[in-house]
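Only one structure is covered here, and it is reproduced in the block below.
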Amino acid sequence: MIVKELQPESQEMRAAFCDRLIELAETHPELMVLDADLMGAMGTKPFLARYPDRTVDCGIQEANMVGVAVGLSLAGKIPFAHTFATFMSRRATDQIFISGAYSKANVKLIGSDPGITAKTNGGTHMPFEDMGIMRGIPQMTIIEPTDITMLKWVMGWMADHYGMQYMRLVRRECTKIYEDGTTFEIGKAMTVRDDADADVTIIASGLCVANAMKAADELAKSGIHTRILDMFTWKPLDDEAVVRAARETGAIVVAENHNITTGLGAAVSETVVRNAPVPMELIGIHDRFGQVGTLEYLAEQYGMTVEDIVHAARRAVDRKH
Amino acid sequence: MKVSFQLNIFINGEGYIVSEKLTEDHIKDMRRFSWQIRMEAIRCIAAFGLGHVGGSMSVADVLSVLYNGEMKFDPSDPQWEERDLLVLSKGHCAPALYATLALKGFFPMEWLKTMNKNGTHLPSHADRLLVPGIDMSAGSLGQGGSVAAGMALAFKLDKKPNNVYLILGDGESQEGQVWEMALFAPQHHLDNLIAFVDYNKLQLDGFCDDICAMGDMAAKFEDFGWFVQNLEDGNDVVAIHEAIETAKTQTTGKPSMIVLNTVKGLGWSEIQGKTNSHAPAVSPQQLEEALAELQRHYDAI
């Protein structure tokens with residue numbers, strides 16, 4: 001169920017995140033929250049106030065936090081561990097890999113401030129590679145929720161399903177895409193928009209989904225029909241939807257808030273090239289580091305605006321002929 | 001029968017006397033078992049041709065004490081909920097733990113001949129998914145302590161009596177994550193965490209002192225807020241036994257660190273205390289020599 005008109009979410013993602021943690025804690029007595037001195041930034045202090053014994057602020061030690069979370073999970077707890085996506089992915093990779101995935105632990109890893117949403121925290125805090133790093137770890141489930149409706153559903157799924165899972169999460173504003181109560185399936189893309197005569201498929205994730213919808217409106221004005229897939233599960237990837245998009249629409253644009261080298265564009269390309277090669281265009285970060293700036297400025301800097309998606313779609317369609 | 005000798009153990013500067021409960025038979029059992037561990041571990045390594053002999057020899061005594069009365073476990077039910085957990089963070093010394101577990105009946109002794117061979121249940125580094133009785137996989141050094149702390153924290157929160165035992169290496173303690181954990185465990189009053197450092201003074205490339213000196217490990221952990229016992233002879237089963245008993249009953253609310261000043265490769269003179277002790281090749285002839293030497297230690301008890 002897609003909203004009729006795009007509008008900003010009524011609360012920040014982090015507030016919804018904390019509300020949902022408290023909700024899930026009531027039904028899941030094993031649920032715990034871990035952080036590495038970013039509870040204030042993540043807005044999870046209400047959870048601490050409600051469940052002090054089930055909250056562990058480890059201090060600034062991401063590697064230890066991941067290990068502790070693994071130990072808690074092996075003794076029956078369901079830990080949700082948060083830090084910025086940069087630190088979760090780059091700093092604690094081996095702990096996630098060996099203590100976590102290799103040992104089949106049950107930790108819900110939350111990395112916040114994905115891609116350009118790190119804004120004025122700048123290059124040191126701007127993860128363009130977190131999902132790619134996680135994608136290289138066997139048997140990890142990797143998710144980027146699009147809005148609060150999806151976030152709440154995904155968190156419920158994580159609490160209920162054993163395994164190593166990584167979710168990258170915008171902390172502040174985002175666009176509401178799904179009506180309240182919409183349900184999802186891990187590993188299945190959401191078809192946000194479709195057209196029997198679609199000329200191109202835009203496969204998008206995170207903040208790029210709303211931009212893809214705006215781009216589709218723009219493309220419609222010049223007679224280009226668009227299918228949009230919200231690929232919120234990066235791993236396992238919905239190969240079936242990708243192949244169907246390639247076969248039925250003949251061209252694909254991938255739009256992601258991540259580098260294209262190891263990100264969603266790379267993942268989709270791997271599936272397309274093996275099953276149904278078609279022209280593809282990739283919107284995302286092209287081999288660059290982060291920098292400070294507003295969301296708008298950064299989107300322009302890295303070629304991620306609505307206009308960039310429109311141009312990419314046109315190029316992809318042109319290449320069909 | 002009571003033992004009456006005094007040990008050279010110092011706990012936070014005070015002398016310590018052996019508990020009256022420890023019988024001569026129990027001491028002999030622990031001593032014999034430690035040499036059995038060494039013999040089976042070196043057989044296990046020789047069956048493959050090379051492996052981590054040195055650390056397996058230095059850690060054998062603490063394993064013997066843990067598996068002869070100090071730890072709660074059930075070989076017929078490795079996942080028994082009331083068991084104590086052990087994290088062998090220096091996971092490359094798995095041959096000693098594999099030998100211990102096989103001798104205690106967790107899995108058939110024949111498995112020991114298969115280590116590192118294609119399709120084996122016993123990989124070179126301890127693996128919790130493949131080996132009954134292994135509570136945590138380890139091998140990427142520095143990580144086990146954090147996991148052990150997490151386990152101990154869970155037991156504390158659930159008010160469960162299970163203890164968590166952790167064995168660190170000295171070289172391993174060059175990893176920064178060990179010191180993150182060292183800060184974390186006292187903060188959360190994890191007095192159900194009983195850690196050891198197998199301070200055998202050697203690492204792969206040579207003496208720790210020549211590579212990255214660990215200095216006074218006891219003082220370091222004490223400074224980090226641990227209840228520390230420094231055993232001058234970390235291969236003395238009686239001393240280890242007493243230290244664990246003390247760690248279990250201490251009421252400071254601190255996690256326990258027992259520094260074991262050990263000898264790497266103990267029992268096989270070809271490598272004992274030497275820089276070739278880390279992961280030597282063991283030929284069939286060397287195996288015979290080593291076993292003969294270890295047997296003499298065993299028989300002397």
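Keeping their order, the protein sequence lines are chains A and B.
The opening position of the first sequence corresponds to residue 1 in UniProt numbering, with each subsequent residue numbered one higher.
The opening position of the second sequence corresponds to residue 1 in UniProt numbering, with each subsequent residue numbered one higher.
Ideal placement from N, C-alpha and C gives every residue a C-beta, glycine not left out.
Quiz item: Is it the case that the Cβ atoms of K104 (chain B) and A47 (chain B) are separated by a distance below 9 Å?
Solution: No.
Practice problem: Tell me whether the beta-carbon of A60 (chain B) lies closer than 9 Å to the beta-carbon of R38 (chain B). | Solution: R38 (chain B) is positioned such that its CB atom lies closer than 9 Å to that of A60 (chain B).
Practice problem: Taking all protein chains shown into account, decide if residue 323 (chain A) is buried (16 or more other Cβ within 10 angstroms of its Cβ) or exposed. | Solution: With chain A covering 1 to 321 only, the question about residue 323 (chain A) has no answer from this structure.
Exercise. Buried or exposed for P108 (chain B), please, with buried defined as at least 16 other CB atoms from any protein chain shown within 10 angstroms of its CB.
Key: So P108 (chain B) counts as exposed.
Exercise. Output yes or no for whether 9 Å exceeds the beta carbon distance between G187 (chain A) and G115 (chain A).
Key: When the beta-carbon positions are compared, G187 (chain A) and G115 (chain A) stay at least 9 Å from each other.
Quiz item: What residue range is occupied by the uninterrupted alpha helix (DSSP H) comprising I240 (chain B)?
Solution: Note, I240 (chain B): alpha helix (DSSP H), V237 to T249.
Quiz item: Taking buried to mean at least 16 other C-beta atoms within 10 Å of its own C-beta, is E9 (chain A) buried or exposed?
Solution: Burial of E9 (chain A) is indicated by the presence of at least 16 other C-beta atoms within 10 angstroms of its C-beta.
Self-check item: Backbone CA spacing between C18 (chain A) and L72 (chain A) [nearest angstrom]
Solution: Distance between the alpha carbons of C18 (chain A) and L72 (chain A) is about 20 Å.
Practice problem: Give the interface partners of K176 (chain A) over in chain B, defined as CB-CB distance under 8 Å, in chain order. | Solution: Against chain B, the beta carbon of K176 (chain A) has no neighbour under 8 Å; the closest one sits roughly 37 Å away.
Quiz item: Taking only beta-carbon atoms, is F73 (chain B) less than 9 Å away from chain A?
Solution: At a cut-off of 9 Å between C-beta atoms, F73 (chain B) does not count as an interface residue with respect to chain A.
Quiz item: Does R128 (chain B) come within less than 9 Å of chain A when only Cβ atoms are used?
Solution: Yes - at least one Cβ of chain A is within 9 Å of the one on R128 (chain B).
Quiz item: What is the rounded straight-line gap between the Cα of G176 (chain B) and the Cα of L74 (chain A)?
Solution: So the two alpha carbons sit approximately 23 Å from each other.
Quiz item: In the structure shown, what three-state DSSP assignment does D135 (chain B) receive?
Solution: In the structure shown, the three-state DSSP call for D135 (chain B) is coil.
Quiz item: Within 10 angstroms of its Cβ, does R288 (chain A) collect 16 or more other Cβ (buried), or is it exposed?
Solution: Looking at its Cβ environment, which holds fewer than 16 other Cβ atoms inside 10 Å, R288 (chain A) is exposed.
Self-check item: Option nearest K235 (chain A) by Cα separation, candidates A:K221, A:M213 and A:A189
Solution: Minimum Cα-Cα distance from K235 (chain A) among the listed residues A:K221, A:M213 and A:A189 corresponds to A:A189.
Quiz item: Per DSSP, what kind of secondary structure is F184 (chain A) in: helix, strand or coil?
Solution: In the structure shown, F184 (chain A) adopts coil according to DSSP, grouped into three states.
Quiz item: What span of residues does the alpha helix (DSSP H) with T100 (chain B) cover, start to end?
Solution: Segment A94 to L103, the alpha helix (DSSP H) holding T100 (chain B).
Quiz item: Out of A:V209, A:E62, A:E300 and A:T271, which has the shortest C-alpha to C-alpha gap to D147 (chain A)?
Solution: Considering only alpha carbons, the answer is A:V209.
Quiz prompt | Reduced DSSP category for A196 (chain A) - H, G, I as helix; E, B as strand; rest coil | solution = Residue state, collapsed to three classes: coil.
Quiz prompt | First through last residue of the beta strand (DSSP E) which encompasses L31 (chain A) | solution = Taken as a continuous stretch (DSSP letters only), the beta strand (DSSP E) holding L31 (chain A) covers L31 to D35.
Quiz item: Can you give the Cα-Cα distance for A81 (chain A) and A41 (chain A), rounded to whole angstroms?
Solution: Each residue's Cα considered, the two are about 14 Å apart.
Self-check item: Rounded C-alpha distance that separates E172 (chain B) from M134 (chain A)
Solution: Taking the straight line from one Cα to the other gives about 26 Å.
Self-check item: Interface partners of K119 (chain A) on chain B, CB under 9 Å
Solution: The contact set of K119 (chain A) on chain B, defined by CB atoms closer than 9 Å, is empty, because the minimum CB distance reaches about 29 Å.
Quiz item: Excluding the five sequence neighbours on either side, which residues of its own chain have a C-beta within less than 6 Å of the C-beta of A41 (chain B), listed in chain order?
Solution: Excluding residues up to 5 positions away in sequence, S56, P95, A96 and A99 lie with their Cβ nearer than 6 Å to the Cβ of A41 (chain B) in the same chain.
Quiz item: Out of curiosity, what's the CA-to-CA distance linking V68 (chain A) and S146 (chain B)?
Solution: V68 (chain A) and S146 (chain B): Cα-Cα distance of roughly 5 Å.
Self-check item: V197 (chain B) at chain A interface by Cβ criterion, 9 Å
Solution: No, because no Cβ of chain A sits closer than 9 Å to the Cβ of V197 (chain B).
Practice problem: Output the distance between the C-alpha atoms of K45 (chain A) and G122 (chain A), rounded to the nearest integer angstrom. | Solution: Their backbone Cα atoms lie some 25 Å apart in a straight line.
Quiz prompt | Interface residues of chain B facing D53 (chain A) [CB-CB closer than 9 Å] | solution = Within chain B, the residues placing a beta-carbon under 9 Å from that of D53 (chain A) are L157, ordered along the chain.
Practice problem: For chain B, find out if any of its Cβ atoms is closer than 9 Å to the Cβ of N64 (chain A); answer yes or no. | Solution: Cβ-Cβ to chain B under 9 Å: yes for N64 (chain A).
Practice problem: Take M304 (chain A) as the anchor and find which of A:I283, A:G290 and A:G223 has the nearest alpha-carbon. | Solution: Each of A:I283, A:G290 and A:G223 was checked against the Cα of M304 (chain A), and the nearest Cα belongs to A:I283.
Self-check item: Terminal residues of the alpha helix (DSSP H) in which G67 (chain A) lies
Solution: DSSP places G67 (chain A) in the uninterrupted alpha helix (DSSP H) bounded by E62 to L74.
Practice problem: Can you give me the Cβ contacts of V253 (chain A) inside the same chain, cut-off strictly under 6 Å, excluding the 5 residues immediately before and after it? | Solution: I202, E281, A312, A313 and A316.
Self-check item: Which of helix, strand or coil DSSP assigns to P8 (chain A)
Solution: Shown here, P8 (chain A) sits in a strand according to DSSP, grouped into three states.
Self-check item: Identity of the residue in A:Y102, A:N211, A:G293 and A:L298 nearest K7 (chain A) by Cα
Solution: Position check: residue 7 (chain A) holds Gln in this sequence, whereas Lys was assumed. The closest CA to that of Q7 (chain A), considering only A:Y102, A:N211, A:G293 and A:L298, is found on A:N211.
Quiz item: What residues of chain B sit near residue 323 (chain A), judged by a beta carbon separation below 7 Å?
Solution: Not covered by the structure: residue 323 (chain A). The range shown for chain A is 1 to 321.
Quiz item: What are the partner residues of A313 (chain A), as DSSP defines its beta bridges?
Solution: A313 (chain A) is not bridged to any residue.
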